[in-house]
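Shown next, in structure tokens, is the structure this report addresses.
Numbering (the working numbering), first residue to last: 241 to 373.
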């Protein structure tokens, strides 16, 4: 089995997150026992922002048996398709992460709705990579 690992799981363990670190570590241990673990270019870049050098990041990845696997074109096409669906269905405004209440914002000068970037394309690239590879 191949497990694609997202940066959120790794940050839970690296930073560490007192609430999520134990479960994230268990998930990584289980994945390592059942096969290979891979990351996409986006996850590599997100991790690189937290390491002092490329060598330190590469050493970490080697130590925990995570391998950078570049995205195939099919993975990127899948991400693009999912992104298109998301953009077509995205609602305007902001959504409270706690209760889900939506509020719309508009420009005071021209009245144009302001649409925040709550989910960016990199999330879809990570998902396309995980589903395809």
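By construction, the Cβ of each residue, glycine as well, lies at the ideal position given by its N, Cα and C atoms.
Predicted model, so just to flag it, every value in this text is computed and none were measured.
Looking at the strands, I want to know which residues DSSP matches up with residue i.
| i | result |
| --- | --- |
| residue 329 | Partner(s): none; residue 329 has no beta bridge. |
| residue 335 | 342 |
| residue 244 | 278 |
| residue 354 | 345 |
I'd like the span of the alpha helix (DSSP H) that includes residue i, first residue to last.
| i | result |
| --- | --- |
| residue 366 | 361-372 |
Run the CB neighbour count on residue i, radius 10 Å, all protein chains shown included, and call it buried at 16 or more, exposed below.
| i | result |
| --- | --- |
| residue 241 | exposed |
| residue 269 | exposed |
| residue 327 | exposed |
| residue 318 | buried |
| residue 288 | exposed |
| residue 271 | buried |
| residue 264 | buried |
Exercise. Counting only runs that start and end within the stretch 258-308, where is the beta strand (DSSP E) found for 3 or more residues in a row?
Worked result: 276-279, 306-308
Exercise. Do the stretch 328-338 and the stretch 307-316 make contact, defined as three or more Cβ pairs closer than 8 angstroms?
Worked result: no
Exercise. With contact counted as at least three CB pairs below 8 angstroms, one residue from each stretch, are the stretch 281-293 and the stretch 245-258 in contact?
Worked result: yes
Problem set entry | Inter-stretch contact (C-beta, 8 angstroms, three-pair minimum) for the stretch 358-368 and the stretch 310-325 | yes
Exercise. Is it a yes or a no for the stretch 294-307 touching the stretch 260-278, going by three-plus beta-carbon pairs under 8 angstroms?
Worked result: yes
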